[in-house]
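*Asks:* In our numbering, the protein residues as written are 265 to 609. What follows is a single structure, and I will ask about it in a moment.
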């Protein structure tokens, strides 16, 4: 008999190809995530665990280019590929964490395997960030895109239409780019419309409602309430801008207007949108809001009769991130029979 909910959370998620103290990470990179996972683990010990599984690195080739993957492999061996891969400063050292990325994707694939045979309805999988990683580029602590690769893996098992929901405070630009023009994957991202970091990456235009519509997806850009109401017009950004109060209702509306009923729902559950992290004056979300977001995603899963796979996203304040993650996980664990009517081909 299977479980309705399970978690992938284990020490191997921080596996590296050389000792941690020998790797020069930047900012809130793998050690930061590792600290959050270690704090979270004893608090979710009551839930069934998905056994550690190391995915073949080749699964990442379904969403990343051969040249990019080859360059990362060279970096992992201490070599200098020419030309070097396109990586931002935040990705420093992460090539030595390719094993961690394999374990992150392995946990997701193990969950999807159980969903395929009907022994699991819902899962929460920890791992390094991924939503900024595009096919040939990494930035914002995202070297590879595990959720995107998991979506392709699921499609190979018959989950033909995959809905991805991203409520990290930063735009899921890498995921949007990977699946641009793909009618089998629909990506919804709620994010800060005028994030300074994303501006340095040239991402404000890509984060607009217009850019998402052109790519066949859905963006919900949220304005900082300290900015003038016509800031988008001043910056020459097209499309609609939402207030923090409108953000969750906008997601509810987007979930009511999906292009099709999904066979699988994936969530990139970022907690940096919390008001005590990066979300102040933007989303302004509190823990109860993450419960509401989770219930909306579960509602979409129930309507479609499909399973739901959530993965751990960003969060810069550890205590805030852990508390918000617990709200999300508790709500997921309360779900019952969300995929009982689901049939895949």
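Note that CB positions come from ideal geometry on N, CA and C, so glycine has one too. Quantities reported herein were computed from a predicted structural model and do not represent experimental measurements.
Label residue 455 either buried or exposed according to how many other C-beta atoms from any shown protein chain fall within 10 Å of its C-beta, with 16 as the threshold for buried.
*Replies:* The residue you call residue 455 lines up with position 191 of the chain shown. When all chains shown are included, residue 455 counts as buried.
*Asks:* Rounded to the nearest angstrom, how far is the Cβ of residue 270 from that of residue 387, given a contact under 8 Å?
*Replies:* By 1-based counting over the chain shown, the position of residue 270 is 6. By 1-based counting over the chain shown, the position of residue 387 is 123. Contact holds; Cβ gap of about 5 Å.
*Asks:* Evaluate residue 309 with the Cβ neighbour count: other Cβ atoms within 10 Å of its Cβ, from every protein chain shown; 16 or more gives buried, anything less gives exposed.
*Replies:* In the chain shown, counting from the first residue as 1, residue 309 sits at position 45. Per the 10 Å Cβ criterion, exposed.
*Asks:* Give the secondary structure of residue 485 by DSSP, where H, G and I count as helix, E and B as strand, and everything else as coil.
*Replies:* Looking up residue 485 in the chain shown gives position 221. Note: residue 485 maps to strand in three-state DSSP.
*Asks:* What's the gap between the Cα of residue 487 and the Cα of residue 533?
*Replies:* Looking up residue 487 in the chain shown gives position 223. Looking up residue 533 in the chain shown gives position 269. Each residue's CA atom was taken as its position, placing residue 487 and residue 533 some 20 Å apart.
*Asks:* With residue 530 as the anchor, note down where its beta strand (DSSP E) starts and where it stops.
*Replies:* Working through the chain shown from its first residue, we reach residue 530 at position 266. Unbroken beta strand (DSSP E) run through residue 530: 528-533.
*Asks:* Name the residue from 593, 592, 527 whose alpha carbon lies nearest to the alpha carbon of residue 567.
*Replies:* Mapped onto the chain shown, residue 567 falls at position 303. If we check each option's Cα against that of residue 567, 527 comes out closest.
*Asks:* Considering just the uninterrupted stretch of the alpha helix (DSSP H) at residue 324, what are its terminal residues?
*Replies:* Against the chain shown, residue 324 aligns to sequence position 60. Where residue 324 is concerned, there is no enclosing alpha helix (DSSP H), given that its DSSP letter is neither H nor E.
*Asks:* According to DSSP, is residue 539 helix, strand or coil?
*Replies:* Within the chain shown, numbered from 1, the residue matching residue 539 stands at position 275. In the three-state reduction of the DSSP assignment, residue 539 falls in the coil class.
*Asks:* Of the choices 520, 280, 406, 303, whose alpha-carbon is the least far from that of residue 581?
*Replies:* The residue given as residue 581 occupies position 317 in the chain shown. Of 520, 280, 406, 303, the smallest CA-CA separation from residue 581 is found for 303.
*Asks:* State buried or exposed for residue 344, treating a residue as buried only when at least 16 other CB atoms are found within 10 Å of its CB.
*Replies:* If you number the chain shown from 1, residue 344 lands on position 80. The residue is exposed, with fewer than 16 neighbouring Cβ atoms inside 10 Å.
*Asks:* Between the C-alpha atoms of residue 314 and residue 273, what's the straight-line distance to the nearest angstrom?
*Replies:* In the chain shown, residue 314 corresponds to position 50, counting from 1. In the chain shown, residue 273 corresponds to position 9, counting from 1. Cα-Cα distance, rounded: 8 Å.
*Asks:* Can you find at least 3 beta carbon pairs, one from the stretch 369-383 and one from the stretch 435-454, that sit closer than 8 Å?
*Replies:* no
*Asks:* Mapping the DSSP letters down to three states, classify residue 592 as helix, strand or coil.
*Replies:* Within the chain shown, residue 592 is the residue found at index 328, counting from 1. Correct three-state label for residue 592: helix.
*Asks:* Please report the Cβ distance between residue 451 and residue 432, rounded to the nearest whole angstrom; I am assuming they are in contact, meaning their Cβ atoms lie under 8 Å.
*Replies:* For the purposes of this step, residue 451 is taken as residue 187 along the chain shown, with counting starting at 1. For the purposes of this step, residue 432 is taken as residue 168 along the chain shown, with counting starting at 1. About 12 Å separates the two Cβ atoms, so there is no contact after all.
*Asks:* Quick one: measure Cβ to Cβ for residue 485 and residue 472, integer angstroms, because I've assumed they're closer than 8 Å.
*Replies:* As a first step, residue 485 must be located in the chain shown, where it is residue number 221. As a first step, residue 472 must be located in the chain shown, where it is residue number 208. Correct: roughly 6 Å between the Cβ atoms.
*Asks:* Taking a contact to mean a Cβ-Cβ separation below 9 Å, would you say residue 530 touches residue 599 in this structure?
*Replies:* As a first step, residue 530 must be located in the chain shown, where it is residue number 266. As a first step, residue 599 must be located in the chain shown, where it is residue number 335. Not closer than 9 Å, so no.
*Asks:* What first and last residue would you give for the alpha helix (DSSP H) that runs through residue 405?
*Replies:* Taking the chain shown and counting its residues from 1, the one referred to as residue 405 is at position 141. Taken as a continuous stretch (DSSP letters only), residue 405 belongs to no alpha helix (DSSP H), as it is neither H nor E.
*Asks:* Tell whether a beta-carbon distance below 9 Å holds between residue 427 and residue 436.
*Replies:* The residue given as residue 427 occupies position 163 in the chain shown. The residue given as residue 436 occupies position 172 in the chain shown. Contact: no.
*Asks:* For the stretch 395-405 against the stretch 328-336, are there 3 or more C-beta pairs whose distance is under 8 Å?
*Replies:* yes
*Asks:* In whole angstroms, what is the alpha-carbon distance linking residue 497 and residue 521?
*Replies:* The residue labelled residue 497 in the question sits at position 233 within the chain shown. The residue labelled residue 521 in the question sits at position 257 within the chain shown. Roughly 27 Å separates the two Cα atoms.
*Asks:* Taking the CB atoms as reference points, tell me whether residue 408 and residue 422 lie closer together than 9 Å.
*Replies:* Locating residue 408 in the chain shown gives position 144, counting from the first residue. Locating residue 422 in the chain shown gives position 158, counting from the first residue. For the 9 Å CB-CB criterion, residue 408 and residue 422 do not form a contact.
*Asks:* So the candidates are 350, 292, 300, 322; which of them puts its Cα closest to the Cα of residue 335?
*Replies:* As a working note, residue 335 is residue 71 in the chain shown. Ranked by Cα distance from residue 335, the options 350, 292, 300, 322 are led by 350.
*Asks:* Does residue 286 pass the burial test, meaning 16 or more other C-beta atoms within 10 Å, or should it be called exposed?
*Replies:* As a position in the chain shown, residue 286 is number 22, starting the count at 1. The residue is exposed, with fewer than 16 neighbouring Cβ atoms inside 10 Å.
*Asks:* Mind pulling the beta strand (DSSP E) runs of 3 or more residues that sit fully within the stretch 333-416?
*Replies:* 384-389
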